[in-house]
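Below is one structure; the comments refer to it alone.
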DNA sequence: CCTTAAACATGATTTTTGTCATGTTTTATT
DNA sequence: AATAAAACATGACAAAAATCATGTTTAAGG
């Protein structure tokens, strides 16, 4: 029993749009955008775009979760950003008119639209409000990146690990139990975000588990003692 | 014998402007901008804006060098960005409509203009090209920040220190001898950029000095063996 | 369902880096 | 010029974290 193929609803009816930079577009602009966008389905683990490729459009996540990673030294992967429904991805290289410096890979099955590059630039130019939404989005990402820099520079691995769990909670939210972080990452992926070795990551999660800060079952991480986790992250109030 | 007070030349004649995001403005726009900007002189070590303050305008560095720093944990300073002539500073908080998350402090005597906040937003809205220049600038800063994240996550202190010297060279250039990095930072400031302790920073610079990679005299750092420095930074080709 | 690879886990060891201590040099200020 | 305060420097030690090794569990693919 397969799911029926959904109607191609178009940008008008797209509920995700309202939580994206495109919330400022209206009426005819949406009809037009619809003509320059296409929507694709991705299986977990698939590349949306890859390092070194040339951008041909802007990606907008409809559903599913995406990691933005770059290959560091000795091929070690670094997770730079995490995206979810409503987020645009692949904008940095597009705007700078460069090849991708990072890759986007789905963390679960996803549906992602592509908006044609030339059209995107045109509508940005004609709609200052849209461009300003983009400016604000990049500014936010810059803030997040700079917070990460401070953390990497000044905190130890234990603190960063606790911080990362809080970051995942803030980014992807919790399941119905209000405790379980709503994303499945391997220990290696968490390590690639935290900036540590996989072993250290595993060890620290085990420690947090023993300390009753979290509860582990498979890839699921349940935050059982939020105040203690915040304290472990050493976050100022 | 004092220097004569220079004519208030205005944005028309400003040569720095051509290397800034404002290079896209023309004619009347420059006359208008002149009415909404003021220029200030700063002594070395002065604050241009301070963490937690409210932005009232956009700063544009005329001459002099500026560090953008934030206070991390236990009050430890983190250098996030370095600015020079033609760079805009204080844009992140302004655009996000937030209080400053970082401070800007001059590294030497400087002359810096402020462009009124409301006017800046108005001219951005009416001049897509200007806003796009801003988008590109922030995108670049994001790229720089993310490169720094990879470095902090994956490289050891020695490699990061070598990388930092190359970064300073790229940012501020070299003196006439084509070897001396054109900026004076204390060892502590370098450490606050690299993400290490002051002692480790001092030690590594001494080592590089012994290894004939650099030559030290006071705060001046001369790169005497660039290939070896690049190799020490472990940068891929 | 079985097989294989990936992911998870943990101990032992080594390397890296921070911290503490102490002394010297440079710079700024009266 | 004298004095104080930064800034620079280096050794000794401790702490943190990576690496190596090895084994178990879980998940994926034929």
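Chains as they are written, first to last, in our numbering: chain P, 1 to 237; chain D, 1001 to 1237.
Glycine included, every Cβ here is placed at the ideal spot set by N, Cα and C.
Taking the Cβ atoms as the reference, residue 30 of chain P lies roughly 15 Å from residue 19 of chain P, outside the contact range of under 8 Å. Of all residues in the stretch 1034 to 1056 of chain D, none comes within less than 7 Å of chain P when Cβ atoms are compared. Of the residues D:1223, D:1227, D:1228 and D:1183, the one whose Cα lies closest to the Cα of residue 1084 of chain D is D:1183. Leaving aside the five residues that flank residue 1232 of chain D on each side, the residues in its chain whose CB is nearer than 6 Å to its CB run, in chain order, 1162. In the structure shown, residue 200 of chain P falls within a helical segment according to DSSP collapsed to helix, strand and coil. The beta carbons of residue 75 of chain P and residue 120 of chain P sit no closer together than 8 Å. Looking only at P:158, P:180, P:176 and P:235, the smallest Cα-Cα distance to residue 202 of chain P is reached by P:158.
Assignment of residue 1209 of chain D by DSSP, reduced to helix, strand and coil, places it in the helix class. Counted as a single uninterrupted DSSP element, the beta strand (DSSP E) harbouring residue 1057 of chain D occupies residues 1057 to 1063. Under the three-pair Cβ rule at 8 Å, the stretch 1030 to 1040 of chain D counts as touching the stretch 1111 to 1129 of chain D. Using a Cβ-Cβ cut-off of 8 Å, residue 95 of chain P counts as an interface residue toward chain D, since at least one Cβ of chain D sits closer than that to its own. Residue 1180 of chain D is positioned such that its CB atom lies closer than 8 Å to that of residue 1222 of chain D. Judged by beta-carbon spacing, residue 1088 of chain D lies beyond the 8 Å limit of residue 1044 of chain D, meaning their Cβ atoms are not closer than that value. Sequence-distant partners of residue 66 of chain P (beyond 5 residues in either direction) whose C-beta falls short of 8 Å from its own C-beta, in its chain, are 48, 82, 83, 84, 87, 89, 104, 105, 106, 107, 110 and 112. Following the DSSP letters along the chain, one finds residue 49 of chain P inside the beta strand (DSSP E) bounded by residues 47 to 49.
Taking residue 165 of chain P as reference, the option from P:41, P:211, P:229 and P:15 with the minimal CA-CA separation is P:229.
For residue 19 of chain P, not one C-beta of chain D is nearer than 8 Å to its own C-beta.
DSSP lists D:1114 as the bridge partner or partners of residue 1038 of chain D. Boundaries of the alpha helix (DSSP H) around residue 1162 of chain D: 1157 to 1172. With its beta carbon at least 8 Å from every one in chain D, residue 167 of chain P lies outside the interface. Rounded to whole angstroms, the separation of the alpha carbons of residue 1054 of chain D and residue 1204 of chain D is 39 Å.
For residue 119 of chain P, there are no neighbours in chain D by C-beta distance under 7 Å, as the nearest C-beta there is about 15 Å away.
Minimum Cα-Cα distance from residue 1051 of chain D among the listed residues D:1102, D:1068 and D:1016 corresponds to D:1102. When beta bridges are read from the DSSP output, residue 82 of chain P appears opposite P:67. Residue 1175 of chain D is classed as exposed because its beta carbon has fewer than 16 other beta carbons within 10 Å across all chains shown. Of the residues P:69, P:171 and P:191, the one whose Cα lies closest to the Cα of residue 46 of chain P is P:69.
Those residues of the stretch 67 to 83 of chain P placed with their C-beta closer than 7 Å to a C-beta in chain D are 70, 72, 73, 76, 78 and 80, ordered along the chain.
Per DSSP, the unbroken alpha helix (DSSP H) holding residue 1190 of chain D starts and ends at 1187 to 1194.
With a cutoff of 8 Å on beta-carbon distance, residue 1096 of chain D and residue 139 of chain P are scored as near each other. For residue 141 of chain P, the chain D residues whose C-beta falls within less than 8 Å of its own C-beta are 1142, listed in chain order.
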